[in-house]
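Comments concern the structure below.
2 protein chains.
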Amino acid sequence: MKNSNIIVQKYGGTSVADPKRIKEVAKRVNSYRKKGQDIVVVVSALGKTTDKLVSLAGEVSKNPPERELDMLLSTGEQVSVALLAMALYELGQEAISFTGAQVGIITDSSHTKAKILDVNAKKIKDELKRGKIVIVAGFQGTSLDQEITTLGRGGSDMTAVALAKVLKAGMCEIFTDVKGVYTADPRIVPHARKLENISYDEMLEMASLGAQVMQARSMEVASKFNVPMKVRSSFSHEEGTVITKEAKDMEGVLVRGVTVNKTEAKVTVCDVLDKPGEASRLFEKLACAGINVDMIIQNVSKTKMTDISFTVEEKDLPKVQKIISKIVKEMSARGVRYDKKIAKISVVGIGMRSHSGVAAKMFSILAQEKINIKMISTSEIKISCVVSEKEADKAVRALHKAFGLSRKEKK
Amino acid sequence: MKNSNIIVQKYGGTSVADPKRIKEVAKRVNSYRKKGQDIVVVVSALGKTTDKLVSLAGEVSKNPPERELDMLLSTGEQVSVALLAMALYELGQEAISFTGAQVGIITDSSHTKAKILDVNAKKIKDELKRGKIVIVAGFQGTSLDQEITTLGRGGSDMTAVALAKVLKAGMCEIFTDVKGVYTADPRIVPHARKLENISYDEMLEMASLGAQVMQARSMEVASKFNVPMKVRSSFSHEEGTVITKEAKDMEGVLVRGVTVNKTEAKVTVCDVLDKPGEASRLFEKLACAGINVDMIIQNVSKTKMTDISFTVEEKDLPKVQKIISKIVKEMSARGVRYDKKIAKISVVGIGMRSHSGVAAKMFSILAQEKINIKMISTSEIKISCVVSEKEADKAVRALHKAFGLSRKEKK
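From first to last, the protein sequence lines are chains A and B. When we follow the numbering used here, the leftmost residue of the first sequence carries the number 1061, and every step to the right adds one. When we follow the numbering used here, the leftmost residue of the second sequence carries the number 1061, and every step to the right adds one.
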């Protein structure tokens, strides 16, 4: 049961980049309040504040303790919420700001990447009843032993989703600097179309594949608890993209969007002995070091030797190289190749579940464009191909066109 | 009973102005820890952070609510404590930072000028036992209903004194950008001498009279609970000035120091009807508006009319003018004169209690210098004269010399 009179709105860093922008957000929030809705606002730190604080930490310590990093970083959102409350008062609207700790966002004790365990919504409900707009610092919480924790990059989305869930909000709106979820990145595909709606599953694939509209983990939680979401721009009054449970008519659309991710690098370990356990040893070590491995392929071997390729975030590459250089000797592999100049292109759509042939069509489009596919991975609702980075944009445009996603070409 | 192994050290904004200074403070704190002492550090916001935050508030609101101002300003100290903890870890010393709320600094609910009601020292003691240096955000606390409060300008001194009291610290050291308490401001009197010790009462008079070394209210509390204090520089290793209960030998010194305060303005209401209640009406209105009136004099009247003069902080003058302009009509006074170009010169010393003639000597010195005295006020241990601002420095130098306070002229 949704209490549809409550709306949770989350404003990201670019939406509150400076005092002028904060005043804009205050006006917008106030206009919703005027329509009689109860508003809970979640705010990120101003613009590049978090980056600045991280670099301040870097000036006093090469390896700052994570507990102290959380003490430091959580101040960013505290500044934002106080300023937004002031800006609302200035408009004659009562408002009250809260830190994550004050409002009872209880997390585990994993500093810098805490998970929300519970939210005590009483304080928020009380203040809403008093007619106030409630402003909550995103990205932060408190552990049971009263330590300040943060939820990791993009954590303000998680705060918004968690609040929307416990408050049974009618809508959780994510305000950002894009107007919604597009069929492709408009900087690459000028004809990309804004989607009116999208399913949680599709959005999750889009988010984790590099359409950086919303934190993927928050999307999972929203999907799990069926929190109605909307992604929209704080710089325009256009309606955004609604994210909901799968709807019947969604299946009619084969491909919802095309995404590209250029942040990964490919690692190939050559001539590994093709026997059980060799690959697992490698990936265990990487997992222990906290490195996220995305795609993995192992060539079918005709000899006793095989090549193992996988992709990791490019920023993790130095760590990976360190680990691999040891392992390679133990595995008596012939060598390692690293390729940073790759891009992962994906087509996403829940319609794929009931239609075959999407993969075949994707490969044939790329072949027509003479684009070489280096790796392939598939899930129920997406197909991803790794291609050379310099061919990525061409690939996205070709797929976007061939799958009929452009404006004026509505399927 | 003092637990002399605990030292509370407070570092002001200039002491932690930037990451380089924070690293210096970390080294200093660590050196004390190495001597086997338990250290609790209270830190102010970095350099001009508080001013910057206030101006940020001013950009979104002409009259920000005080509760939200406290939310905003308290972030300044939170940044400092986290950075200092990181810097200590970098030196291999375990440390832990706390906000005022986390460490149980309970205040009343008077936002922006809260008073400390209680300090729960358990958390600090636990962490000291674990061998950590405990770092506490100055200037802030939490009310019983979990609202973040701040203690007013200079409030970090209060935090330090309050912690020193409940921890029964052997010493509460106030680190600042001056080397101690001087017989006069060295910028005015080059031969001014640093005092080795001073009594609470003298220090209190010096602090409230414009020797801006320590917050006056903190000094009162230190005196009340007999907290041993030291004022010293974070930029040098020189010993500072110890502030203690009155000692016998202190009485031998007639005048401990000469202070000057140029921040006040004089207001004269002319030709007020000299009947009971006229003056009280005026000062009641000022008190209601929260304006601090310092010196008051009423001329002896030969007619039925009298003049009333008083001094207020120059920054309060616009408010005062507003109030007075109404009152003057009601009181049918002849007019009002305002004089911003004044300075209050004071000589302070507990020796005055048992010696007479200090006032006479002060007046005669000023007369010799042809400096006109506009107002006079006295207490048991100080005599203050208001003079023209342009003659203030000359007056201070003459008094400093005549009372034998200069270096090499020890009485």
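Beta carbons: idealized from backbone N, C-alpha and C, even for Gly. Every value quoted in this text rests on a predicted model; they were computed, and no experiment measured them.
- In the DSSP annotation of this structure, B:E1451 is not part of any beta strand (DSSP E), being labelled neither H nor E.
- At least one CB of chain A lies nearer than 7 Å to the CB of B:I1082.
- Residue contact check for A:M1146 against chain B: a CB pair falls below 7 Å.
- Interface annotation, B:Q1162: in contact with chain A, CB-CB separation under 7 Å.
- Closest option to B:K1183, judged by alpha-carbon separation, among A:D1205, A:K1189 and A:T1167: A:D1205.
- One Cα belongs to A:R1341, the other to A:G1191, and the distance between them is close to 59 Å.
- If you look at A:Q1358, you'll find it in the beta strand (DSSP E) that goes V1353 to Q1358.
- Within chain A, no C-beta atom comes nearer than 8 Å to that of B:E1440; the closest sits roughly 44 Å away.
- Taken atom to atom, the span from the alpha-carbon of A:G1214 to that of A:T1110 is near 11 Å.
- With a cut-off of 8 Å on Cβ pairs, the region 1329-1344 of chain A is not in contact with the region 1404-1420 of chain A, counting fewer than three such pairs.
- Closest in alpha carbon position to B:S1392, among B:M1412, B:V1332 and B:R1292, is B:V1332.
- Taking CB atoms only, B:Y1149 has a neighbour in chain A less than 7 Å away.
- Counted as a single uninterrupted DSSP element, the stretch harbouring B:F1370 is not any alpha helix (DSSP H) but the beta strand (DSSP E) occupying residues M1365 to E1373.
- Chain-order list of chain A residues neighbouring B:T1304: empty, with the shortest C-beta distance near 35 Å, by a criterion of under 8 Å.
- Residues of the same chain with a CB within less than 7 Å of the CB of A:V1418, apart from the 5 flanking positions on each side, are L1314, V1315, V1407, M1412 and I1443 in chain order.
- Not a single CB atom of chain B sits nearer than 7 Å to the CB of A:V1076.
- Taking the Cα of A:P1336 as reference, the smallest distance to any Cα among A:Q1272, A:M1365 and A:S1170 is reached at A:M1365.
- Here the alpha carbons of A:M1279 and A:A1220 stand approximately 11 Å from one another.
- Excluding the 5 residues flanking it on each side, A:L1143 has same chain C-beta neighbours closer than 6 Å at I1082, in chain order.
- A Cβ-Cβ distance of about 5 Å is found for the pair A:S1437 and A:M1355, placing them in contact under the 8 Å criterion.
- Put simply, the CB of A:L1346 is far from chain B, with every gap to its CB atoms at 7 Å or more.
- For B:Q1153, no chain A residue has a Cβ inside 8 Å of its Cβ, as the nearest lies near 12 Å away.
- With a 10 Å radius around the Cβ and a threshold of 16 neighbouring Cβ atoms, B:E1440 comes out exposed.
- In terms of Cβ geometry, B:E1233 and B:K1290 form a close pair [threshold 7 Å].
- In the displayed model, A:S1294 falls within coil according to three-state DSSP, outside both helix and strand.
- Taking all protein chains shown into account, B:D1217 has 16 or more neighbouring C-beta atoms within 10 Å of its C-beta and is therefore buried.
- Among the residues facing chain B, A:Q1138 is included, as its CB has a counterpart in that chain under 7 Å away.
- DSSP, read as helix, strand or coil, puts A:Q1381 in helix.
- Within the same chain, and ignoring the five residues on either side of B:S1104 in sequence, the residues whose Cβ sits closer than 6 Å to its Cβ are G1072, G1073, G1198 and S1216.
- The residue among B:S1121, B:I1067 and B:E1119 with its C-alpha nearest the C-alpha of B:D1098 is B:I1067.
- If one requires a minimum length of 3 residues, the beta strand (DSSP E) runs lying completely within the region 1197-1256 of chain B are 1200-1203, 1208-1210 and 1229-1236, in chain order.
- Your pair B:H1460 and B:V1249 checks out as a contact, with CB atoms roughly 5 Å apart and the cut at 8 Å.
- B:K1404 is classed as buried because its beta carbon has at least 16 other beta carbons within 10 Å across all chains shown.
- A:T1135: member of the alpha helix (DSSP H) spanning E1126 to E1150, first to last residue.
- Contact between A:T1172 and A:T1202 does not hold, since the beta-carbon distance rounds to 14 Å and is not under 8 Å.
- Judged by DSSP secondary structure, A:D1186 falls within the alpha helix (DSSP H) whose first and last residues are K1182 to K1189.
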